[in-house]
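Trainee: One structure coming up, written as structure tokens, with questions to follow.
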Amino acid sequence: MLKLRLLALTLSCLVGMLTASAVAQDNGSNQPPSAQPEHWHGHGQPDPAKRTEMLTKQLDLTSDQQPKVLEALKSEQSQMEKLRSDSSLSQEDRRGKMMEIRKSTNDQIRALLTTDQQKKWDDMQSRHEQWQGQHHDGQKPGAPPDSPNQN
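Structure below.
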């Protein structure tokens, strides 16, 4: 009887450790959307309204520029969501199309800016690309330049 209880206790501890380990691994790589700030979407970008708000502060966008930037960002978000749900594409093709969408959006936004704003925009894009290069090369990740988490 004692051996049976000892065996049950051992199995119980083993199952508990395995469960805790599985939960820890799951929480480390697959955070639920609720673990992210509510204005952020699943792939590292705040929603278009928050991005427009950030760009308004960083670039001093006019009231005429803001709705145009917002529309470009909404269009980008819609295209990205459609692309993410397209299971017929390979990961490499999907990534290439995402890069095209981002470049197109960046070009649209840049065209709306004054010369001084374009200089700031280009600097922001350069810093972001530099951060991405470091992030994807396995260096220590951090908040991207000009992200809301940097403040």
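To convert, count from 1 in the sequence shown and add 299; that's the numbering used here.
Beta carbons are placed, not taken as given, at the ideal position from N, Cα and C, and that holds for glycine.
#1: If you check the beta carbons only, do L412 and L372 fall under 8 Å apart?
#2: Just reading off the alpha helix (DSSP H) that D385 is part of, what are its end residues?
#3: Starting from the C-beta of M379, find all residues in its chain whose C-beta is less than 7 Å away, skip the five residues before and the five after it, and write them out in chain order.
#4: Near T404, which residues of its chain fall below 6 Å by C-beta distance, leaving aside the five closest residues on each side in sequence?
#5: Mark T414 as exposed unless 16 or more other C-beta atoms lie within 10 angstroms of its C-beta, in which case mark it buried.
#6: Please name the residue, chosen from P347, P345, T355, that lies closest to K419 on a Cα-to-Cα basis.
#7: Between the Cα of L369 and those of D421, G432, E391, M353, spot the shortest distance and give me the residue it belongs to.
#8: Roughly how many whole angstroms lie between the Cα atoms of S384 and P345?
#9: Skipping 5 residues on each side, what residues in its chain have a beta carbon closer than 6 Å to that of Q416?
#10: Between the alpha carbons of Q365 and D406, how many angstroms are there, rounded?
#11: I need the straight-line Cα distance from R394 to L388, nearest angstrom please.
#12: Nearest CA to the CA of D363: which residue from K381, I408, S386?
#13: Please report the straight-line C-alpha distance between P347 and S425, rounded to a whole angstrom.
Mentor: Put simply:
#1: Indexing the sequence shown from 1 puts residue 412 at position 113. Indexing the sequence shown from 1 puts residue 372 at position 73. It is not a contact, given that the beta carbons lie outside the stated cut-off.
#2: Numbered from 1 along the sequence shown, position 86 holds the residue referred to as residue 385. Element bounds for D385: n/a, residue is neither H nor E.
#3: Within the sequence shown, numbered from 1, the residue matching residue 379 stands at position 80. Once the five neighbours on either side are set aside, the close Cβ partners of M379 are M397, I400.
#4: Indexing the sequence shown from 1 puts residue 404 at position 105. So the qualifying residues of the chain are A371, E375.
#5: Counting from 1 along the sequence shown, the entry for residue 414 is found at position 115. It is exposed - the Cβ of T414 has fewer than 16 other Cβ atoms within 10 Å.
#6: In the sequence shown, counting from the first residue as 1, residue 419 sits at position 120. Among P347, P345, T355, the Cα nearest to that of K419 belongs to T355.
#7: Counting from one through the sequence shown, the residue named residue 369 turns up at place 70. Nearest of D421, G432, E391, M353 to L369, Cα basis: M353.
#8: Here residue 384 is taken as the residue at index 85 of the sequence shown, counted from 1. Here residue 345 is taken as the residue at index 46 of the sequence shown, counted from 1. Approximately 19 Å, taken between the alpha carbons.
#9: Here residue 416 is taken as the residue at index 117 of the sequence shown, counted from 1. Once the five neighbours on either side are set aside, the close Cβ partners of Q416 are L358.
#10: Looking up residue 365 in the sequence shown gives position 66. Looking up residue 406 in the sequence shown gives position 107. Whole-angstrom Cα-Cα distance: 15 Å.
#11: In the sequence shown, residue 394 corresponds to position 95, counting from 1. In the sequence shown, residue 388 corresponds to position 89, counting from 1. Each residue's alpha carbon lies about 9 Å from the other.
#12: In the sequence shown, residue 363 corresponds to position 64, counting from 1. Selected option, being the one with the closest Cα: I408.
#13: Position 48 of the sequence shown, counted from the first residue, corresponds to residue 347. Position 126 of the sequence shown, counted from the first residue, corresponds to residue 425. One C-alpha to the other measures close to 21 Å.
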